[in-house]
Amino acid sequence: MKIDIVSVFPEYFEVLNLSLMGKAQSKGLLEITAHNLRDWTHDVHHSVDDTPVGGGAGMVMKPEVWAECLDELLDLPAPNEDDSPNDVAAEDNDSSVAAPVLIFPNPSAPLFTQRDATELSHAEHLLFGCGRYEGYDSRIPDYYRAQGIDVREYSIGDYVLNGGEVAVSVMLEAITRLMPGFMGNPDSIVEESYTGEGALLEHRQYTKPAVWRGISVPEVLLSGDHGKVDRFRRDEALTRTNEIRPDLIEALDCKALDKADRKTLMALGWEVSAAHPRRLS
Ligand code: 6GU
């Protein structure tokens with residue numbers, strides 16, 4: 581997977597040379613390049629932002645600098661300035677070549693989820709554009725969408741960061757660990773929270789010793805009865821999800837629940853005979 585990142589702080593992405601992400605790069609699984617947006621400026625101050633049209637606080641990233649950069653990294657011809665703005669539809673849309681996905685972190689965009697991470701883990705080329713200041717001119721994503729590029733804007737949560745850099749490293753970690761060959765033990769991603777059909781929070785984990793500072797691990801985990809252990813963990817996942825993220829219970833497919841799941845959910849106050857569980861209040 582080829583990954584290009586554009587930022588005014590490309591040094592930030594040196595963290596991607598560490599740990600599993602660094603290993604994946606030396607194995608040739610990932611090829612990450614962080615570019616400095618200011619390399620595409622022409623003025624002495626290397627300015628990338630300007631005041632917002634319509635007034636207001638802060639600065640907005642200029643479309644011209646971004647476009648010079650993105651045209652080059654996406655291998656698109658720079659348009660003729662006299663082209664009608666309505667003629668921007670994709671010329672040859674050859675979907676057989678590795679189509680790049682252009683991603684802009686944006687706190688006002690839809691949430692980035694495990695589903696997005698899974699989908700993007702199959703892409704061959706990702707290009708991230710990190711905004712700073714009050715954001716980027718909205719015509720940038722609009723323009724590249726009109727060129728036939730797959731453009732995504734994502735937020736990573738309901739809080740505000742100073743720029744997209746942290747969000748890009750979060751998204752990249754979630755995406756790349758799902759690539760075949762990335763993890764030493766691929767089984768460890770199968771059972772995790774937020775994956776698979778019924779997304780539940782994971783059960784609690786314990787290691788040895790069985791009693792530590794007077795606190796015992798649950799007895800059933802020592803029983804050696806795999807059926808009982810699986811059931812205990814599944815019930816714990818359902819119980820914890822009910823407490824912490826009832827929205828994930830509401831999203832479950834009742835048809836995918838076994839008899840014991842239904843019994844546990846009913847005991848927790850859910851009705852399970854419709855398509856999705858419904859809370860009995
Ligand atoms: Cl993607 N960007 C910024 N600046 N803040 C955020 C975010 C993104 N997601 C949550 N907060």
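First residue of the sequence shown? That's 581 in the working numbering, and the numbers climb one at a time after it. Ideal Cβ placement from N, Cα and C applies to all residues, glycine included.
Pairwise C-alpha distance: residue j and residue i
i       : j       : result
Phe-812 : Asn-822 : 15 Å
Gly-737 : Val-809 : 34 Å
Leu-758 : Leu-653 : 25 Å
Glu-671 : Arg-719 : Residue confidence for Glu-671 is low, a pLDDT of 48 falling below 50, so the modelled location carries little weight; the figure read from the coordinates is stated next. Answer to the nearest angstrom: the Cα atoms are 19 Å apart.
Pro-690 : Ala-855 : 25 Å
Gly-744 : Glu-753 : 14 Å
Whole-angstrom C-beta distance between residue j and residue i, which should lie under 8 Å
i       : j       : result
Lys-642 : Asp-655 : Wrong, their Cβ atoms sit about 22 Å apart, outside the cutoff.
Ala-817 : Leu-848 : At roughly 12 Å, the Cβ-Cβ gap does not stay under 8 Å, so Ala-817 and Leu-848 are not in contact.
Val-852 : Leu-837 : 6 Å
Spatially closest choice to residue i from the options, by CA coordinates
i       : options                            : result
Ile-583 : Leu-848, His-702, Val-640          : His-702
Asn-597 : Val-588, Ser-587, Glu-611          : Glu-611
Leu-650 : Gly-849, Leu-801, Leu-617          : Leu-617
Thr-693 : Glu-799, Phe-762, Glu-733, Glu-851 : Glu-733
Asn-742 : Asp-841, Trp-646, Glu-830, Pro-685 : Pro-685
Asp-815 : Glu-830, Ile-829, Ala-840, Pro-721 : Ala-840
Val-573 : Gly-635, His-625, Trp-620          : The chain is shown only over 581 to 861; residue 573 falls outside these bounds and no answer can be derived.
Glu-782 : Arg-793, Ile-769, Gly-794, Trp-792 : Ile-769
Asp-627 : Phe-593, Val-588, Gly-635          : For the record, residue 627 in the displayed sequence is Ser; it is not Asp. Ranking Phe-593, Val-588, Gly-635 by Cα distance to Ser-627 puts Val-588 first.
Residues near residue i in its chain [Cβ-Cβ closer than 8 Å; skip 5 each side]
i       : result
Gln-605 : Leu-596, Asn-597, Glu-611, Ile-612
Gly-638 : Pro-632, Tyr-713, Glu-714
Gly-800 : Reading the sequence as shown, one finds Val at residue 800 and not Gly. Contacts found: Lys-808, Val-809, Phe-812.
Sequence-distant residues of its chain with Cβ nearer than 7 Å to residue i (five each side left out)
i       : result
Ser-796 : Ala-790
Neighbourhood of residue i by C-beta, 6 Å cutoff - its chain only, sequence neighbours within 5 removed
i       : result
Ser-688 : none
Gly-709 : Val-586, Phe-684
According to DSSP, residues forming a beta bridge with residue i
i       : result
Lys-929 : Residue coverage of the chain in this structure runs from 581 to 861, which leaves residue 929 outside it and unanswerable.
Leu-691 : Ser-735
Tyr-716 : Met-641
Val-681 : Leu-706, Asp-730
Distance cut-off 8 Å: residue i Cβ against heavy atoms of the ligand PLP
i       : result
Leu-741 : In the structure on display, the ligand PLP does not appear, and the ligands it does have are the ligand 6GU.
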